[in-house]
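This report concerns only the one structure given below.
Number of protein chains: 2
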Amino acid sequence: MGLGKKFIGLLAIVLVVGCTQSDGQQEQQQKKDWALALHGGAGAISEDRPDSVKQAYFDDLDEALTIGEDILSNGGSAEDAVEKVINYMEDNPRFNAGKGAVFTHDGEHELDAAFMIGNTREAGAVTGVKTVKNPITLARKVMETSEHVMFATEGAERYADKVGVERVDQDYFYTESRYKALQRALEQEKEDDGKQSSLVPYEDKTALYADGEKFGTVGCVAVDKNGQIVAGTSTGGMTNKKFGRVGDVPIIGSGTYASDLVAVSMTGWGEKIMRAVSGHTVSAYMKYKPATLEEAGDYLLQDVLNPGEAGMIAVDKYGNIYMDMNTNGMFRGSSDSEGNREVAIWD
Amino acid sequence: MGLGKKFIGLLAIVLVVGCTQSDGQQEQQQKKDWALALHGGAGAISEDRPDSVKQAYFDDLDEALTIGEDILSNGGSAEDAVEKVINYMEDNPRFNAGKGAVFTHDGEHELDAAFMIGNTREAGAVTGVKTVKNPITLARKVMETSEHVMFATEGAERYADKVGVERVDQDYFYTESRYKALQRALEQEKEDDGKQSSLVPYEDKTALYADGEKFGTVGCVAVDKNGQIVAGTSTGGMTNKKFGRVGDVPIIGSGTYASDLVAVSMTGWGEKIMRAVSGHTVSAYMKYKPATLEEAGDYLLQDVLNPGEAGMIAVDKYGNIYMDMNTNGMFRGSSDSEGNREVAIWD
Numbered sequence: 386m387g388l389g390k391k392f393i394g395l396l397a398i399v400l401v402v403g404c405t406q407s408d409g410q411q412e413q414q415q416k417k418d419w420a421l422a423l424h425g426g427a428g429a430i431s432e433d434r435p436d437s438v439k440q441a442y443f444d445d446l447d448e449a450l451t452i453g454e455d456i457l458s459n460g461g462s463a464e465d466a467v468e469k470v471i472n473y474m475e476d477n478p479r480f481n482a483g484k485g486a487v488f489t490h491d492g493e494h495e496l497d498a499a500f501m502i503g504n505t506r507e508a509g510a511v512t513g514v515k516t517v518k519n520p521i522t523l524a525r526k527v528m529e530t531s532e533h534v535m536f537a538t539e540g541a542e543r544y545a546d547k548v549g550v551e552r553v554d555q556d557y558f559y560t561e562s563r564y565k566a567l568q569r570a571l572e573q574e575k576e577d578d579g580k581q582s583s584l585v586p587y588e589d590k591t592a593l594y595a596d597g598e599k600f601g602t603v604g605c606v607a608v609d610k611n612g613q614i615v616a617g618t619s620t621g622g623m624t625n626k627k628f629g630r631v632g633d634v635p636i637i638g639s640g641t642y643a644s645d646l647v648a649v650s651m652t653g654w655g656e657k658i659m660r661a662v663s664g665h666t667v668s669a670y671m672k673y674k675p676a677t678l679e680e681a682g683d684y685l686l687q688d689v690l691n692p693g694e695a696g697m698i699a700v701d702k703y704g705n706i707y708m709d710m711n712t713n714g715m716f717r718g719s720s721d722s723e724g725n726r727e728v729a730i731w732d
Numbered sequence: 386m387g388l389g390k391k392f393i394g395l396l397a398i399v400l401v402v403g404c405t406q407s408d409g410q411q412e413q414q415q416k417k418d419w420a421l422a423l424h425g426g427a428g429a430i431s432e433d434r435p436d437s438v439k440q441a442y443f444d445d446l447d448e449a450l451t452i453g454e455d456i457l458s459n460g461g462s463a464e465d466a467v468e469k470v471i472n473y474m475e476d477n478p479r480f481n482a483g484k485g486a487v488f489t490h491d492g493e494h495e496l497d498a499a500f501m502i503g504n505t506r507e508a509g510a511v512t513g514v515k516t517v518k519n520p521i522t523l524a525r526k527v528m529e530t531s532e533h534v535m536f537a538t539e540g541a542e543r544y545a546d547k548v549g550v551e552r553v554d555q556d557y558f559y560t561e562s563r564y565k566a567l568q569r570a571l572e573q574e575k576e577d578d579g580k581q582s583s584l585v586p587y588e589d590k591t592a593l594y595a596d597g598e599k600f601g602t603v604g605c606v607a608v609d610k611n612g613q614i615v616a617g618t619s620t621g622g623m624t625n626k627k628f629g630r631v632g633d634v635p636i637i638g639s640g641t642y643a644s645d646l647v648a649v650s651m652t653g654w655g656e657k658i659m660r661a662v663s664g665h666t667v668s669a670y671m672k673y674k675p676a677t678l679e680e681a682g683d684y685l686l687q688d689v690l691n692p693g694e695a696g697m698i699a700v701d702k703y704g705n706i707y708m709d710m711n712t713n714g715m716f717r718g719s720s721d722s723e724g725n726r727e728v729a730i731w732d
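First to last, the sequence lines map onto chains A and E. Numbered according to the working numbering, the first sequence spans residues 386 to 732. Numbered according to the working numbering, the second sequence spans residues 386 to 732.
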């Protein structure tokens, strides 16, 4: 072997070591006992609201966070933490999920949810349910008991009956503020001179974000002491959405995704999040690049999605937490076993 | 700067060059004028059928391929090629899509389809439609005309009326062989001693693959002379599926996906394909690793999915074609502007 060949051989070794170095660095991290993050929607959130309204949101986020902390710090599972945190936000009319869900174009409520355990890649999802009080609970039940991953509309409601998940009348979901939001959206549509809203290209639709009231989703991600990594998301969709529209939330890999590396829950403009397969993009970037959670989250929000489109929460298998958005705000909170705790709305 | 620092600097340069080398190699490829691949389902396909039946499948695959070749070789678009090839297979009762779709548990037909252009990330999808003659045409219309990406059940059918996509009676989809397949599945379920089929874990369900008649999907991927990369998939789902089940086909990123690098259409066990976010896995592996289409396809079928679960067709932006499966067979065909042409069923 000549000197040239030896040099090439040395380089090859260096290249292999160099290319996998980042992965090796990740492996050296200490895993936190548990970690948790939640969101209550992202968008253009006005800072001009009365202090009492702002405080109410902070209090609710704090209460949701406490529910998850109590479960995880007492050795409970990430599945339970994610479900119970989301149940609280579904039952709270301030968030667009469960009670307080926005109205569709037809004046109804159509709810979506998904639940996924990263370690086993088990998943459950429901879309277009009209009478299920807590869609995230149904999504978890689908995951645990069905051979199928996803059910739509009446099929999902039939499944709820089969597995004993509570159903309610449509009236249960009514809130005056969401009803008024629909009326404003319908008037706006009329003012648009009869243009068919659904034929307007995406790019002309940014006005939808003006008041941040059309969108909204709740989500939670957690890793527990046994290393289970779980993601869940639940939503009432978007105000004035057309009948039967499916957004990103129940799409495994888009609004909700968990792998053996990371759990992700998205919020924002569903169609943009779907077309980017956002949740899976974060996991794949971490795995194949390889990259840290922070690098992968920034890549998604800055390089893949456009400003104004989305917010994201995630935890990786070490308990590292990521919460960021390319909108001006996201209702959010996070906590871990090392005492780091945050509740925030704006940047 | 000491000699040691210089060496480290040199190494850093070498590392950067080395790690991106594979990407660089891809860039040197010549793009073919056009390329096309299609499938008509994968699974455990018996080789014991009469020669006349086998020949009929080969003839149909050949005819479908010719439709796409005629469009692309005359300068037509990948969108048109994908839609028209799939229309042919939807209209052909031998394939499980459109006419010839399998029966649900309730004796109905529920069809799913998705369409995506990789270059622009535009996408359209429909799930659970019962009366749309060509679901792939509706999926393309959703992509082209709606602010939404996906519609479910009645909402999708309403949208079909709005954009003038043909609807038919459920009777249109009837075929005797599919009806008999449902009867066999229902009898099998009864023999299973009243066990609730949907509560049996995945792992005990491999028997479903015994005769290859329960599953099946049609799909097509193409790149045209302008470099548009398009994927489409259409299916009647699985025999005896429960009402409202959504499989992988209409899930952008799972059964159907296209990026600026590659277009993918999957077929097989929908739930497994969904939980792996299969289509997007191929694209992400190519992009972030980086890897060739062949490496990414093999990674998905061999390392991510398990034997017996799926088949996949894909074309990358250069016109490279990938068709493979981890089942014993997949109805498939491919063709490109350089005269390479293949029609096959088994290994």
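Virtual Cβ for every residue (Gly too), placed ideally from N, Cα, C. From a predicted model like this one, the values you see are computed outputs, not experimental measurements.
Sort the options by Cα distance to residue i and report the nearest one.
| i | options | result |
| --- | --- | --- |
| E/L646 | E/V470, E/Q613, E/M659 | E/Q613 |
| A/T652 | A/R717, A/Y670, A/M671, A/K417 | A/R717 |
| A/M623 | A/M528, A/H533, A/V603, A/T641 | A/V603 |
| A/G621 | A/S437, A/L496, A/V527 | A/L496 |
| A/G696 | A/L423, A/Q415, A/Q414 | A/L423 |
| E/K627 | A/V662, A/H533, A/G549, A/M708 | A/H533 |
| A/V631 | A/C605, A/I706, A/V511 | A/V511 |
| A/F488 | A/Q568, A/E542, A/Y703, A/M715 | A/Q568 |
Can you tell me whether DSSP reads residue i as helix, strand or coil?
| i | result |
| --- | --- |
| E/Y670 | helix |
| E/L646 | coil |
| A/G727 | Note that residue 727 of chain A is Glu in the sequence shown here, rather than Gly. A/E727 falls in the strand class under three-state DSSP. |
| E/M715 | strand |
| E/Y559 | coil |
| A/I521 | helix |
| A/S720 | strand |
| E/G540 | helix |
| A/L423 | strand |
| A/F628 | coil |
| A/S431 | coil |
| A/F443 | helix |
| A/R660 | helix |
Would you decide whether residue i is buried or exposed? Buried here means 16 or more other CB atoms lie within 10 Å of its CB.
| i | result |
| --- | --- |
| A/P692 | exposed |
| E/D577 | exposed |
| A/Y557 | exposed |
| A/E572 | exposed |
| E/K575 | exposed |
| A/R525 | buried |
| E/S639 | buried |
| E/G460 | exposed |
| E/V689 | buried |
| A/S644 | buried |
| E/V662 | buried |
| A/D436 | exposed |
Only counting the same chain, and skipping five residues up and downstream in sequence, which positions put a Cβ closer than 8 Å to that of residue i?
| i | result |
| --- | --- |
| A/A441 | R479 |
| E/Q555 | E493, H494, K515, T516 |
| A/E694 | G653, W654, K657, I658, N711, T712 |
| A/K469 | I452, G453, I456 |
| E/Q687 | N711 |
Looking only at its chain, what residues have a beta carbon closer than 7 Å to the beta carbon of residue i, apart from the 5 residues adjacent to it on each side?
| i | result |
| --- | --- |
| A/I636 | M659 |
| A/V667 | V647, V649, A681, G682, L685, A699 |
| E/T701 | With the sequence shown as reference, residue 701 of chain E is identified as Asp, and Thr is not the correct amino acid for it. For E/D701, where only same-chain residues beyond five positions count, the Cβ hits under 7 Å are L646, V647, L678. |
| A/E432 | W731 |
| E/I706 | A420, A422, V700, S719, D721 |
| A/V548 | K526, T530 |
Within the same chain, show all residues whose beta-carbon is closer than 6 Å to that of residue i, passing over the 5 residues directly before and after it, in chain order.
| i | result |
| --- | --- |
| E/A607 | L421, A463, A466, V467, V615 |
| A/S722 | K417, D418, W419 |
| A/K518 | E551, V553 |
| E/Y544 | F536 |
| E/S619 | I471, E475, A482, A498, P520, I521, V603 |
| E/T560 | P478, G485 |
| E/N725 | none |
| E/G617 | V467, I471, F500, I521, C605 |
List the residues of chain B that residue i touches, going by C-beta distances under 9 Å, in chain order.
| i | result |
| --- | --- |
| E/G540 | The structure shown contains no chain B; the protein chains it does contain are A and E. |
Report task. Taking 8 Å as the threshold, find out whether the region 479 to 492 of chain A comes into contact with the region 558 to 570 of chain A through three or more Cβ pairs. Result -> Under the Cβ criterion (8 Å, minimum of three pairs), the region 479 to 492 of chain A counts as touching the region 558 to 570 of chain A.
Query raised in the report: If you pair each beta-carbon of the region 662 to 676 of chain E with each one of the region 538 to 550 of chain E, do three or more pairs fall below 8 Å?
Result: no
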